[in-house]
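Heads up, the thing below is written out as structure tokens.
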Amino acid sequence: MLYTLKLKLLADARQRELLAHTMKIFSEICNFISDIGIQTNTIRNKIKLQKHCYYVVREKYGVPAQMVVRAVGKVVETYKSGAKKTFFGETSAVVYDKRTLAFKMIERVSLTTIEGRIEIPFLVTGYRKGIYERRQPGQADLIVQNNDYYLLLVIDLPEVENISPIEFTEINSYDLEEKQ
Numbered sequence: 004m005l006y007t008l009k010l011k012l013l014a015d016a017r018q019r020e021l022l023a024h025t026m027k028i029f030s031e032i033c034n035f036i037s038d039i040g041i042q043t044n045t046i047r048n049k050i051k052l053q054k055h056c057y058y059v060v061r062e063k064y065g066v067p068a069q070m071v072v073r074a075v076g077k078v079v080e081t082y083k084s085g086a087k088k089t090f091f092g093e094t095s096a097v098v099y100d101k102r103t104l105a106f107k108m109i110e111r112v113s114l115t116t117i118e119g120r121i122e123i124p125f126l127v128t129g130y131r132k133g134i135y136e137r138r139q140p141g142q143a144d145l146i147v148q149n150n151d152y153y154l155l156l157v158i159d160l161p162e163v164e165n166i167s168p169i170e171f172t173e174i175n176s177y178d179l180e181e182k183q
């Protein structure tokens, strides 16, 4: 079963700058890819759109390969959902996957940014900590809310089988005394 877990990133000032810059550039890339997709009529086909823009984006923006792949995926998903011409704002979510995101120990995450990888401590809310510790991380979105950065981490947990209720039989104190 898929769950979304919200992790608060405890980034210092420099890391916050890198995250903000990464979000801005990722959004620019998404807008650029969107324009190419509309011009080439490939906006709803990830493979065809990626063929048209992959090398152009890598050369123009100098970003890691997987960041381009994730941006293409985000653009295609947006248009497949029925959206018309879309503008991705400076704080649009950055999409991460297992190649661009890694957990270091239990309290740090390594994220790909425009200027390379950074390790950031994070906070998991108390009642969700057990879910986090059993995680099978999937995709994650980097978002900003009220000037705080968060990772919305999709985790896959095994489904729990239906547990049938236990049947109780009536026991009275007389029965207990006899058995002792």
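The opening position of the sequence shown corresponds to residue 4 in the numbering used here, with each subsequent residue numbered one higher.
Glycine is no exception: its CB is placed at the ideal position from the N, C-alpha and C atoms.
Here the structure is a predicted model, which is why all the values come from computation and not from measurement.
Best match in the options for proximity to residue i [C-alpha to C-alpha]
| i | options | result |
| --- | --- | --- |
| Val59 | Arg47, Val75 and Leu156 | Val75 |
| Ala96 | Met108, Ile41 and Thr81 | Thr81 |
| Arg17 | Leu160, Gln142 and Ile121 | Ile121 |
| Thr25 | Gln53, Pro67, Lys54 and Lys51 | Pro67 |
| Val79 | Ala14, Arg19 and Thr45 | Thr45 |
| Thr89 | Gly40, Leu8 and Ala23 | Gly40 |
Local conformation of residue i per DSSP, three classes
| i | result |
| --- | --- |
| Lys87 | coil |
| Leu104 | strand |
| Thr115 | strand |
| Val3 | The shown model of the chain, from 4 to 183, leaves out residue 3, and the question about it has no answer. |
| Val75 | helix |
| Thr45 | coil |
| Val157 | strand |
| Ile146 | strand |
| Ile109 | coil |
| Leu12 | strand |
| Gly65 | coil |
Whole-angstrom distance between residue j and residue i, CA atom to CA atom
| i | j | result |
| --- | --- | --- |
| Phe106 | Lys49 | 28 Å |
| Ala143 | Thr94 | 15 Å |
| Asp254 | Tyr6 | Shown here, the chain extends from 4 to 183; a query on residue 254 therefore has no answer. |
| Ser113 | Ile123 | 6 Å |
| Asn108 | Asp159 | Correcting the residue identity first, residue 108 is Met in this sequence and not Asn. The straight-line gap from Cα to Cα measures roughly 19 Å. |
| Phe35 | Leu52 | 12 Å |
| Lys77 | Val71 | 10 Å |
| Ile146 | Gly85 | 23 Å |
| Lys54 | Phe91 | 21 Å |
| Lys87 | Met4 | 31 Å |
| Lys101 | Leu8 | 16 Å |
For residue j and residue i, believed in contact at Cβ under 8 Å, the rounded distance
| i | j | result |
| --- | --- | --- |
| Phe125 | Leu10 | 4 Å |
| Gln69 | Thr103 | 5 Å |
| Tyr99 | Leu12 | Contact flag wrong, Cβ pair sits at about 12 Å. |
| Gly141 | Val127 | Rounded, the Cβ-Cβ distance is 16 Å, inconsistent with contact. |
| Arg47 | Lys83 | 5 Å |
At least three beta-carbon pairs within less than 8 Å, the region 101-119 to the region 30-41: Between the region 101-119 and the region 30-41 there are fewer than three C-beta pairs closer than 8 Å, too few to call the two in contact.
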